[in-house]
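One structure is given here, and the rest of the page talks about it.
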Amino acid sequence: MPELPEVETVVRGLRRVLPGRSITRVRLGKTDFIDDPAALYEALPGRRIARVERLGKFIQIELEPGGGAQGCEARVNLMVHLGMTGRLAVRSPDEPVAPHTHGFFHLDDGQELRYTDIRRFGRILLLDDDGITSLQARLGQDPLEITAQEFCRQLGRRRAGVKALLLNQTVLRGVGNIYADESLWRARIHPARLGARLKVAELRRLWQSLQRVLRAAIGSRGSSISNFLDAEGKPGGYQRWHRVYRRTGKPCPRCGAAIRRATIAGRSSHYCLRCQPPPRSRPVAKRRRA
DNA sequence: AGCTCTTCCTGAAAGC
DNA sequence: TGCTTTCAGGAAGAGC
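Residues in the first sequence are numbered from 0 upward in steps of one, following numbering that gives the first Met the number 0.
Structure, rendered in structure tokens:
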């Protein structure tokens, strides 16, 4: 489940090898997660990679103008969203191809950039600079860049549950289920509390907790839960530091009470009921099923 | 407009 | 043992 720290880890890995390389050839397997497969074949060959950036949970591979079948002058960005199980890694063609590898981007040094995605919840698309601008406008601010004041303003005016707000990419870009749960536990805020009902002191605590958790996770090269691997194929180490995520029934590291699990905002949520008191007016949402 | 819920997909793990 | 069910979840799209 690549979230901001995992995507940042992949981006840093790719940044060490991709800039300056050109894409010579594109091969695709299943394409149901690619917006416009024909555009990849058409626009990418001959293009040189300028930079690799992160935009929320998107990996942005900037390609220089020129190249492509049309010899197009506009700059193009290869955007890759890893979804749940996506992996993007540079491999030698001799190395065995992992199952569910659906994208091969051959490079001018003989290596291959490979995209592997078991569940195909990921997404690949091309964006020109206008497309980047409108994507940026659609997304909220990066949680590592947003100021405390702006964070409090954005969350404090919303009536949705705070966990739903953290997961909403138009509020903040990059937070997913793991780091939402971990930062809420650190800030001692129940995930079902409503944004507008949080005190400023609580919102400030959440802002700081989120920053600390994300920075620590980047320092550990992300969390490997299901099958996250970075650009070199190595797992992250932050799962050892998870305090509540997937620790249902285990003691809260702060107070010893058993960690609870409930579905909140449509996601499995983990929290300590003693450290994170639930909202009084609305009991914790229980999942109903048809 | 704001918010919640369902749906897509596969494999691991739990349940029977 | 082997089959079935549940769970994992990012985000588009439907529905309220």
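All C-beta atoms, glycine included, are put in the ideal place defined by N, C-alpha and C. Please read these numbers as outputs of a predicted model, since none were measured by experiment.
In the three-state DSSP reduction, Asn76 falls in the strand class (E or B). Arg220 is positioned such that its CB atom lies closer than 8 angstroms to that of Asp229. For Val25, there is no enclosing alpha helix (DSSP H); the residue is part of the beta strand (DSSP E) that begins and ends at Ile22 to Leu27. Straight-line measurement puts the Cα of Gly236 at about 26 angstroms from the Cα of His189. Between Tyr178 and Leu213, the C-beta spacing is below 8 angstroms. Its Cα nearest to that of Pro1, the residue Met83 stands out among Glu149, Lys198, Met83 and Arg118. Here DSSP, grouped into helix, strand and coil, assigns Leu43 to coil. Note that the C-beta distance between Asp116 and Gly85 is below 8 angstroms. DSSP, read as helix, strand or coil, puts Glu63 in coil. If you draw a 10 Å sphere on the C-beta of Pro98, you find fewer than 16 other C-beta atoms in it, and that means exposed.
Inter-residue distance for Ala159 and Val51 is about 34 angstroms (C-alpha atoms, whole angstroms). Of the candidates Arg172, Gly265 and Cys271, Arg172 places its Cα closest to the Cα of Ala136. By the Cβ test, the segment 58-67 is in contact with the segment 43-50, since at least three Cβ pairs between them sit closer than 8 angstroms.
Beta-bridge analysis with DSSP links Ala261 to Ser268.
Going by DSSP, Ile224 is part of no beta strand (DSSP E) at all; its letter is neither H nor E. DSSP places Pro4 within a helical segment (H, G or I) once states are collapsed to three. Under the three-state reduction of DSSP, Gln135 is assigned to helix.
Taking Asp31 as reference, the option from Ala191, Gly102, Cys274 and Ile22 with the minimal CA-CA separation is Gly102. In the DSSP assignment, Ala49 falls within the unbroken beta strand (DSSP E) covering Ile48 to Leu54. Here the alpha carbon of Gln153 sits roughly 20 angstroms from the alpha carbon of Ile263.
Assignment of Leu164 by DSSP, reduced to helix, strand and coil, places it in the helix class.
In the three-state reduction of the DSSP assignment, Glu144 falls in the coil class. Leu205 sits in a helix when the DSSP states are folded into three classes. The bridge partners DSSP lists for Glu111 are Arg90 and His105. The closest CA to that of Leu106, considering only Ala200, Leu13 and Cys254, is found on Leu13. Put simply, the backbone Cα of Val25 is about 11 angstroms away from that of Ala38.
DSSP links Thr100 through a beta bridge to Thr115.
Between the beta-carbon of Ile22 and that of Leu43 there is about 5 angstroms, and that keeps the pair under the 8 angstroms contact cut.
Its chain contains Lys56, Phe57, Ile58, Gly121, Arg122 and Ile123 as the residues whose beta carbon lies nearer than 8 angstroms to that of His80, once the 5 sequence neighbours on both sides are disregarded; these appear in chain order.
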